[in-house]
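Undergrad: Mind having a look at this structure? Questions to follow.
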Amino acid sequence: EHRRQIVSASANRIWFAYVDDYLQLPDMLLKDPARRAMLDEVKWSLGYRGMCRFRSGTIFLQPVLQKFQYAMTLDTDGYFPAEVASDPIAEMHAGDYVYTWSHLLP
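Per the working numbering, the sequence shown starts with residue 237, numbered consecutively.
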(Lines of atoms letter the chains of each structure in order from A; the text may use other names.)
(Lines give C-alpha, C1' and ligand atoms only; values in the text may rest on other atoms or scores of the structure.)
Protein backbone atom coordinates (compact mmCIF):
# COMPACT_ATOMS: atom_id res chain seq x y z
CA GLU A 237 0.00 0.00 0.00
CA HIS A 238 2.77 2.47 0.89
CA ARG A 239 4.65 1.74 -2.30
CA ARG A 240 1.54 2.40 -4.38
CA GLN A 241 1.00 5.73 -2.61
CA ILE A 242 4.59 6.79 -3.20
CA VAL A 243 4.48 5.85 -6.88
CA SER A 244 1.16 7.58 -7.48
CA ALA A 245 2.38 10.76 -5.73
CA SER A 246 5.32 11.20 -8.09
CA ALA A 247 5.42 12.21 -11.71
CA ASN A 248 8.78 10.42 -11.93
CA ARG A 249 9.52 6.74 -12.23
CA ILE A 250 10.34 5.20 -8.85
CA TRP A 251 12.10 1.91 -8.11
CA PHE A 252 12.05 -0.17 -4.96
CA ALA A 253 14.75 -2.70 -4.25
CA TYR A 254 14.92 -5.16 -1.38
CA VAL A 255 18.37 -5.26 0.16
CA ASP A 256 18.59 -8.65 1.82
CA ASP A 257 21.99 -8.43 3.45
CA TYR A 258 22.05 -5.01 5.10
CA LEU A 259 21.81 -6.54 8.58
CA GLN A 260 24.76 -8.85 8.02
CA LEU A 261 27.81 -7.88 10.00
CA PRO A 262 31.22 -7.70 8.31
CA ASP A 263 33.57 -10.62 9.04
CA MET A 264 36.11 -8.22 10.55
CA LEU A 265 33.64 -7.60 13.38
CA LEU A 266 32.53 -11.19 13.84
CA LYS A 267 35.97 -12.81 13.80
CA ASP A 268 37.67 -10.41 16.21
CA PRO A 269 36.55 -11.17 19.80
CA ALA A 270 37.31 -7.64 21.00
CA ARG A 271 35.29 -6.02 18.20
CA ARG A 272 32.47 -8.52 18.58
CA ALA A 273 32.26 -7.75 22.31
CA MET A 274 31.83 -4.05 21.52
CA LEU A 275 28.78 -4.61 19.28
CA ASP A 276 26.35 -4.37 22.19
CA GLU A 277 28.04 -1.24 23.53
CA VAL A 278 27.27 0.84 20.43
CA LYS A 279 24.22 3.06 20.91
CA TRP A 280 23.00 2.81 17.32
CA SER A 281 20.80 -0.11 16.30
CA LEU A 282 21.93 -2.86 13.97
CA GLY A 283 19.44 -1.57 11.37
CA TYR A 284 20.82 1.97 11.51
CA ARG A 285 24.40 0.72 11.21
CA GLY A 286 23.37 -1.47 8.28
CA MET A 287 21.80 1.51 6.55
CA CYS A 288 24.99 3.56 7.05
CA ARG A 289 27.13 0.72 5.69
CA PHE A 290 24.78 0.31 2.70
CA ARG A 291 24.75 4.02 1.84
CA SER A 292 28.52 4.32 2.16
CA GLY A 293 29.30 1.72 -0.47
CA THR A 294 27.11 -1.17 -1.52
CA ILE A 295 24.28 1.08 -2.69
CA PHE A 296 26.46 1.88 -5.69
CA LEU A 297 26.70 -1.81 -6.59
CA GLN A 298 22.94 -2.32 -6.83
CA PRO A 299 21.93 -3.40 -10.36
CA VAL A 300 19.06 -0.90 -10.46
CA LEU A 301 21.55 1.99 -10.18
CA GLN A 302 24.04 0.86 -12.82
CA LYS A 303 22.50 2.97 -15.60
CA PHE A 304 22.24 6.12 -13.50
CA GLN A 305 24.72 8.91 -12.92
CA TYR A 306 23.06 10.19 -9.74
CA ALA A 307 20.99 8.84 -6.87
CA MET A 308 19.23 10.55 -4.00
CA THR A 309 18.09 8.98 -0.75
CA LEU A 310 15.77 10.29 1.93
CA ASP A 311 15.50 8.85 5.42
CA THR A 312 12.11 7.63 6.59
CA ASP A 313 12.04 10.50 9.08
CA GLY A 314 13.28 13.04 6.54
CA TYR A 315 11.21 15.76 4.93
CA PHE A 316 11.52 19.00 3.01
CA PRO A 317 10.58 21.85 5.39
CA ALA A 318 10.02 24.25 2.50
CA GLU A 319 9.68 24.22 -1.26
CA VAL A 320 12.84 23.01 -2.93
CA ALA A 321 14.03 26.08 -4.84
CA SER A 322 16.23 24.24 -7.33
CA ASP A 323 16.77 20.75 -8.67
CA PRO A 324 19.58 19.19 -6.60
CA ILE A 325 20.41 16.65 -9.29
CA ALA A 326 20.68 19.38 -11.97
CA GLU A 327 22.98 21.33 -9.65
CA MET A 328 25.16 18.28 -9.10
CA HIS A 329 25.41 17.73 -12.83
CA ALA A 330 26.17 21.39 -13.58
CA GLY A 331 28.85 21.49 -10.87
CA ASP A 332 30.33 18.13 -11.86
CA TYR A 333 29.85 16.97 -8.26
CA VAL A 334 30.08 13.35 -7.13
CA TYR A 335 28.54 13.86 -3.68
CA THR A 336 26.38 16.40 -1.88
CA TRP A 337 24.43 16.62 1.36
CA SER A 338 20.81 17.32 2.18
CA HIS A 339 21.03 20.51 4.22
CA LEU A 340 23.23 23.26 5.51
CA LEU A 341 23.49 24.45 9.07
CA PRO A 342 23.38 28.23 9.71
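Every residue, glycine too, gets a C-beta built ideally from N, C-alpha and C.
State buried or exposed for Met264, treating a residue as buried only when at least 16 other CB atoms are found within 10 Å of its CB.
TA: Met264 should be labelled exposed.
Undergrad: For the alpha helix (DSSP H) that Phe290 lies in, which residues bound it at each end?
TA: Here the alpha helix (DSSP H) through Phe290 covers Leu282 to Arg291.
Undergrad: Which same chain residues end up closer than 6 Å to Glu327 when comparing Cβ atoms and leaving out the 5 residues on each side of it in sequence?
TA: Nothing meets the Cβ criterion.
Undergrad: Measuring alpha carbon to alpha carbon, tell me which residue in Val243, Gly283, Thr336 and Arg239 is nearest Asp323.
TA: Ranking Val243, Gly283, Thr336 and Arg239 by Cα distance to Asp323 puts Thr336 first.
Undergrad: With a CB to CB cut of under 8 Å and the five nearest residues on each side skipped, what residues in its chain are close to Ile250?
TA: Excluding residues within five positions, the ones whose Cβ falls inside 8 Å are Ile242 and Val243.
Undergrad: Could you check whether Thr294 and Val334 sit closer than 9 Å to each other, using their CB atoms as the reference points?
TA: For Val334 and Thr294, no; Cβs fall outside 9 Å.
Undergrad: Within its chain, find whatever has a CB closer than 6 Å to the CB of Asn248; leave out the 5 residues flanking it on each side and keep chain order.
TA: Nothing listed; no residue qualifies.
Undergrad: Residues in its own chain within less than 8 Å of Val278 by CB, not counting five upstream and five downstream?
TA: The answer, listed in chain order, is Arg285.
Undergrad: Take Gly283 as the anchor and find which of Asp311, His238 and Asp332 has the nearest alpha-carbon.
TA: Minimum Cα distance to Gly283 is reached at Asp311.
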